[in-house]
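Asks: One structure is given below, represented as C-alpha cells, and several questions about it will come after.
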Amino acid sequence: MNNFKTAAISVCAALLSIQAMNSKSNNDFNYVVDNFADIEVLRYQVPGFEDLSPNQRKLIYYLTEAALAGRDILWDQHGKYNLELRQLLENIYTSYKGDRNSTQFKAFEKYLKQVWFGNGIHHHYSMDKFTPDFSRDFFDSQVALLPAAKRPANLETLTDIIFNPQTLAKRVNQAEGQDLILTSACNLYDEGITQKEVEDYFAAKKDTTDLTPISYGLNTRITRDKSGNIVEQTYKSGGLYGEAIDRIIENLEKALPYAENNQQKEIIESLIKYYRTGNLRDFDAYSILWVDDTNSQVDFINGFIESYGDPLGMTGAWESIVNFKNVEASHRTEVLSNNAQWFEDRSPVNPKFRKPEVKGVSAKVITAAILAGDSYPATPIGINLPNADWIRAAHGSKSVTIENITEAYDKASHGNGFNEEFVIDEPTRQLLDKYLFITDNLHTDLHECLGHGSGRLLPGTDPDALKAHGSTLEETRADLFALYYLADPKLIELGLLDDPDAYKASYYKYILNGLMTQLVRIEQGKDVEEAHMRNRKLIAEWVLDHGKVDNVVELVKISGKTFVKINDYDKLRTLFGQLLGEIQRIKSEGDYEAGRDLVEKYAVKIDPAIHREVLDRYANLTIAPYKGFVNPVYTPHLDNTGNLIDVTVSYDENYIDQMLRYSRDYSPLTNK
Ligand code: ZN
Numbered sequence: 058m059n060n061f062k063t064a065a066i067s068v069c070a071a072l073l074s075i076q077a078m079n080s081k082s083n084n085d086f087n088y089v090v091d092n093f094a095d096i097e098v099l100r101y102q103v104p105g106f107e108d109l110s111p112n113q114r115k116l117i118y119y120l121t122e123a124a125l126a127g128r129d130i131l132w133d134q135h136g137k138y139n140l141e142l143r144q145l146l147e148n149i150y151t152s153y154k155g156d157r158n159s160t161q162f163k164a165f166e167k168y169l170k171q172v173w174f175g176n177g178i179h180h181h182y183s184m185d186k187f188t189p190d191f192s193r194d195f196f197d198s199q200v201a202l203l204p205a206a207k208r209p210a211n212l213e214t215l216t217d218i219i220f221n222p223q224t225l226a227k228r229v230n231q232a233e234g235q236d237l238i239l240t241s242a243c244n245l246y247d248e249g250i251t252q253k254e255v256e257d258y259f260a261a262k263k264d265t266t267d268l269t270p271i272s273y274g275l276n277t278r279i280t281r282d283k284s285g286n287i288v289e290q291t292y293k294s295g296g297l298y299g300e301a302i303d304r305i306i307e308n309l310e311k312a313l314p315y316a317e318n319n320q321q322k323e324i325i326e327s328l329i330k331y332y333r334t335g336n337l338r339d340f341d342a343y344s345i346l347w348v349d350d351t352n353s354q355v356d357f358i359n360g361f362i363e364s365y366g367d368p369l370g371m372t373g374a375w376e377s378i379v380n381f382k383n384v385e386a387s388h389r390t391e392v393l394s395n396n397a398q399w400f401e402d403r404s405p406v407n408p409k410f411r412k413p414e415v416k417g418v419s420a421k422v423i424t425a426a427i428l429a430g431d432s433y434p435a436t437p438i439g440i441n442l443p444n445a446d447w448i449r450a451a452h453g454s455k456s457v458t459i460e461n462i463t464e465a466y467d468k469a470s471h472g473n474g475f476n477e478e479f480v481i482d483e484p485t486r487q488l489l490d491k492y493l494f495i496t497d498n499l500h501t502d503l504h505e506c507l508g509h510g511s512g513r514l515l516p517g518t519d520p521d522a523l524k525a526h527g528s529t530l531e532e533t534r535a536d537l538f539a540l541y542y543l544a545d546p547k548l549i550e551l552g553l554l555d556d557p558d559a560y561k562a563s564y565y566k567y568i569l570n571g572l573m574t575q576l577v578r579i580e581q582g583k584d585v586e587e588a589h590m591r592n593r594k595l596i597a598e599w600v601l602d603h604g605k606v607d608n609v610v611e612l613v614k615i616s617g618k619t620f621v622k623i624n625d626y627d628k629l630r631t632l633f634g635q636l637l638g639e640i641q642r643i644k645s646e647g648d649y650e651a652g653r654d655l656v657e658k659y660a661v662k663i664d665p666a667i668h669r670e671v672l673d674r675y676a677n678l679t680i681a682p683y684k685g686f687v688n689p690v691y692t693p694h695l696d697n698t699g700n701l702i703d704v705t706v707s708y709d710e711n712y713i714d715q716m717l718r719y720s721r722d723y724s725p726l727t728n729k
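According to our numbering, numbering within the sequence shown proceeds without interruption in unit steps and concludes at 729.
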C-alpha cells in the first residue's frame, strides 16, 4: 500500500512561491543528473539535516549504512542471474579500453544504466526485460578481453538472457489465465514450481481462525526439498541472504546508542531480533512497536515490505527508507488525522462499512535521507504501513508524505511543455499552475492518512478475497477517498486550502492522467498492468462512462487533438463518491466477481487510437516518462581514535559513480 509511485509525468508546473514558503532548499540546485532510454535521474536535497542534533545525524548515518547493505538482496529477488549479470556488465564497463563515444559502447552504457535502474534486467514498471541495442559481436569481443577470472563460468546462460527475448521475458506476469509463477522471471520461486503447488502449500498452512494471522511467505523463497516437496527458504541471518542481513544487523547495532528514546531503541532491537530469527511473529511484534512510535523525529523502514514484485502478492521486496520529520509541513497532515473520525463518519459509503472508531491514523510529512532497495532509484512519494490488516485494525498505521521527493519532481518538471500540450485551455493551465502542487500534496495526504485506513471488512470476510485485483482495488479505494474529500469545504474550514476552486486543479489532472497521459508509460499494443495505473484508469474511465448522461466529463477534439474537458466539477465529485461506495462494498464483502468485472471493464484495455495519439504527442516533448533519484552522499567524520564525531551531507555524486560505488562498497552477496 506504500508505493504511491509517481515516477510520473509530473504534470506539475507548480508555484515557486508555495515551494519557497515550504522549503529552505537552494533554488540554484541542479536537480537533473542523467537521462537515458525512458528514464530521467534526479537528485534530491535533504533540507534540515544540518539542523538535527549530532546524535540524530549519527543515527541517520548508521541507518543509511544499514539501508545500503541490503541492495544485493533486492537484485537477487528480482532475478536469479541479476547479480552475476551486474558484475559482468560492470567489469566490461570499467575495464573498457576502446572509444567511449562509439555507438556500440554508448548502447552498452545505456543498457547498463537501465539494468542499474531496474535493479536487474527488467524494467521497474513494465516488468519487461530490457532489449540491448549493442551487438552480440561487441559483447563477445568485450567478454573475451576480460581476464579469465572475471569471465563467468555460465557465460552461455548469461548471454542468452541478455540477447534472447524469450528467456525470462517478464519479471512479474499478471495476465489472467496463465500460471503466474511459471511465466514470471522473478526469483521468489524456484524454477518449475507451479502456481497451484504454491497456493495449495499456503492454503494448507493458513489458519483461517487466527485473529492475528501471519503474513505467510513475506520473507521466504519457495523451493523444493530432495523429495520434491515444496519448502520455504527463509531470509535471515544464517539463512538465505544471510551475509547481507548480517551487515544490516551490524549497522543497526551501531545505530542503537544514538536512538532518540527507549521506544526507538526497542524498535531497532526488535528488528534485529526478527532478522536473526526470520520468525514472522517477530516481524509483527516489530511492526507494532514501529507503528506506535510517533514521538521520534528520525524514523526508518528496513525489511521485506511490499509484495508488488510477487505475482501472488505474498513475498516482500527488500527496501529501506531513512527519514526524519519535517515539523513545519507535518502540521497539514496532523490537522487531517486529528479529524479522521469526521471524515470517516461522512464518507459516502454504506454506514455499515464505516469504522465506528478510526484508530491511530498518524500522519506526517517527512524528509527522506536515503532511498534503498525497492525504493531506489524509483521511489514512492508516500508510505502507509504496516500492511498486515489486523495490525492496522488494532494499532492503526503510520502514513507519510515524502515532501523533499515531491518537491524535486516538481522543480525538475518546471516548464517542460507538458501542460501546453495536454491541458485544454489557458484558464485550466493557470488553475494547475496555481493549485496543483498544494492539492497534489493534499491528495497524497488524504490517500495515505485517511484513505487506506478508512472502512472495515464485514465479519468473516477474507482480507485476500479480491486476490490478484486486491492491490488495484485498494489503491482505487484510497484514491477515491482522497478525491472525494479534496473538494470538501471542510478543507477550507481546517485552513488547508484557501480557495473553494483549488480542488479542480487536482481533479483535472487526475482525469487527464487516468484517461490519457499515463499511457505514455505503456508501449503501443500492451495492456495496463501495474496496480496504481489500473486504479487511475479505472476511476477515470468509470466517471467518463457514468457521467455521460449528464455530460460531466468528455473527450473533445480541437484541431485534431484530443483533450479532456470537464463540464461539471460538482457532479464529478458526486460520481467519485458513488464509485467509492461501490469499491468499499466490494472490499467489505469480499465480492471478487464485482471487483474483477470493474477492473476488466475499465482498467486494463487501452483504446489503440488514443494510445497512439498520446505517445506521438508526448514523444514530441522529449520528456522521460519515468523518474528516479540518486542519493546524497553522507561523509562520516572520525576523531583520532576512530570514533564517529559527526556526519555531513553532499550532493555532487553522479548516477554512474553512485552505482559503481554501491556495487564496490555494499555488495555482501557478490563480493564474498
Ligand atoms: Zn496507496
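Positions of the beta carbon are idealized from the N, C-alpha and C atoms, including for glycine.
Measuring CB atoms only, is the region 704-716 touching the region 501-515, in the sense that at least three cross pairs come out at less than 8 Å?
Replies: The region 704-716, when compared against the region 501-515, does not touch it at the 8 Å Cβ threshold.
Asks: I'd like to confirm the pairing. Which residues does DSSP put opposite K618 in its beta bridges?
Replies: Answer by DSSP bridge pairing, in chain order: I615.
Asks: R208 to A201, Cα distance in whole Å?
Replies: Rounded to whole angstroms, R208 to A201 spans 8 Å at the Cα level.
Asks: Hey, I448 and I345 are a contact pair by Cβ (cut 8 Å); roughly how many whole angstroms apart?
Replies: So it is a contact: roughly 6 Å between Cβ atoms.
Asks: Examine the ligand ZN and report whether any of its heavy atoms sits within less than 6 Å of the Cβ of A588.
Replies: The answer is no for A588.
Asks: Between the Cα of T277 and those of D402, I324, Q134, spot the shortest distance and give me the residue it belongs to.
Replies: Here the closest residue by C-alpha is Q134.
Asks: I'd like the ranges of any beta strand (DSSP E) spanning at least 3 consecutive residues and lying wholly in the region 393-477.
Replies: Within the region 393-477, the complete beta strand (DSSP E) runs of at least 3 residues are 418-430, 439-442, 454-459.
Asks: Only counting the same chain, and skipping five residues up and downstream in sequence, which positions put a Cβ closer than 7 Å to that of N112?
Replies: Contacts found: Y315.
Asks: Taking DSSP as the reference, what is the three-state secondary structure of P693?
Replies: Residue state, collapsed to three classes: strand.
Asks: Figure out for me which residue from E639, I667, S645 has the closest Cα to the Cα of V656.
Replies: When each option's Cα is compared against that of V656, the closest is E639.
Asks: Under 6 Å: does the beta carbon of E532 sit that close to some heavy atom of the ligand ZN?
Replies: Yes, since a heavy atom of the ligand ZN falls inside the 6 Å radius drawn around the Cβ of E532.
Asks: If I'm right that E611 touches K628 with Cβ under 8 Å, what's the distance once you round it to whole angstroms?
Replies: No, E611 and K628 are not in contact; Cβ-Cβ is about 12 Å, not under 8 Å.
Asks: For Y273, report the span of its beta strand (DSSP E) as first-last.
Replies: Here Y273 belongs to no beta strand (DSSP E), and DSSP marks it neither H nor E.
Asks: Would you report the Cα separation of N79 and I378, rounded to the nearest angstrom?
Replies: Low confidence applies here, because N79 scores a pLDDT of 34, under 50, leaving its location unreliable; read the following figure in that light. Computed Cα separation, rounded: 22 Å.
Asks: Who does S377 pair with in a DSSP beta bridge?
Replies: Answer is N359, A429.
Asks: Suppose only complete runs of 3+ residues qualify. What are the beta strand (DSSP E) ranges in the region 152-205, listed by chain order?
Replies: Complete beta strand (DSSP E) runs here, min 3: none at all.
Asks: Any idea which residues DSSP pairs T291 with across the strands?
Replies: T277.
Asks: Whole angstroms is fine: what's the gap from T224's alpha carbon to T240's?
Replies: Those two C-alpha atoms are separated by around 10 Å.
Asks: Starting from Y258, trace the alpha helix (DSSP H) in both directions and tell me its first and last residue.
Replies: Here the alpha helix (DSSP H) through Y258 covers 252-262.
Asks: Which value, in whole angstroms, describes the spacing of the CA atoms of R630 and A126?
Replies: Taking the straight line joining both Cα atoms gives about 46 Å.
Asks: Over the uninterrupted beta strand (DSSP E) stretch that includes D703, give me the two end residues.
Replies: D703 -> beta strand (DSSP E) spans 701-707.
Asks: Please name the residue in A164, G366, G234 whose C-alpha comes closest to that of M184.
Replies: Here the closest residue by C-alpha is G366.
Asks: Sorry if obvious, but does the Cβ on A435 come closer than 6 Å to a heavy atom of the ligand ZN?
Replies: Checking the Cβ of A435 against the ligand ZN gives no.
Asks: Our contact map puts R591 next to V585 with C-beta atoms below 8 Å; I'd like the distance itself, whole angstroms only.
Replies: 5 Å between Cβ atoms; contact.
Asks: Suppose the cutoff is 7 Å on Cβ atoms and the five residues either side in sequence are ignored; what does the same chain contact list for E254 look like?
Replies: The answer, listed in chain order, is I287.
Asks: Find out if the Cβ-Cβ distance for the pair A735, T463 is shorter than 7 Å.
Replies: Outside the shown range of the chain (58 to 729) lies residue 735, about which nothing can therefore be said.
Asks: Can you give the Cα-Cα distance for Y719 and N688, rounded to whole angstroms?
Replies: Approximately 11 Å, taken between the alpha carbons.
Asks: Just how far apart, CA to CA, sit C69 and S470?
Replies: Below a pLDDT of 50, predicted positions are generally treated as unreliable, and C69, at 23, falls in that range; the measurement from the model is reported next regardless. Between C69 and S470, the C-alpha separation is close to 7 Å.
Asks: Compute the Euclidean distance between the alpha carbons of N148 and Q199, then round it to the nearest angstrom.
Replies: The alpha-carbon atoms of N148 and Q199 are separated by roughly 10 Å.
Asks: At a threshold of 6 Å, does A535 count as lining the ligand ZN (C-beta to nearest heavy atom)?
Replies: Yes, the beta carbon of A535 sits closer than 6 Å to at least one heavy atom of the ligand ZN.
Asks: Report yes or no: do three or more beta-carbon pairs, one from the region 433-447 and one from the region 640-654, lie closer than 8 Å?
Replies: Judged by Cβ distances under 8 Å, the region 433-447 makes no contact with the region 640-654, as fewer than three pairs qualify.
Asks: Report yes or no: do the region 139-159 and the region 305-315 share at least 3 C-beta pairs separated by less than 8 Å?
Replies: Verdict: no, contact absent.
Asks: State whether the region 511-524 contacts the region 540-553, with contact taken as three or more CB pairs (one from each stretch) at a distance under 8 Å.
Replies: Touching, no.
Asks: Which value, in whole angstroms, describes the spacing of the CA atoms of P408 and R513?
Replies: Going from the Cα of P408 to the Cα of R513 covers about 10 Å.
Asks: Express the C-alpha separation of L245 and F195 in angstroms, rounding to a whole number.
Replies: Roughly 32 Å between the two C-alpha positions.
Asks: Distance, Cα to Cα, R157 vs Y150?
Replies: Cα-Cα distance, rounded: 10 Å.
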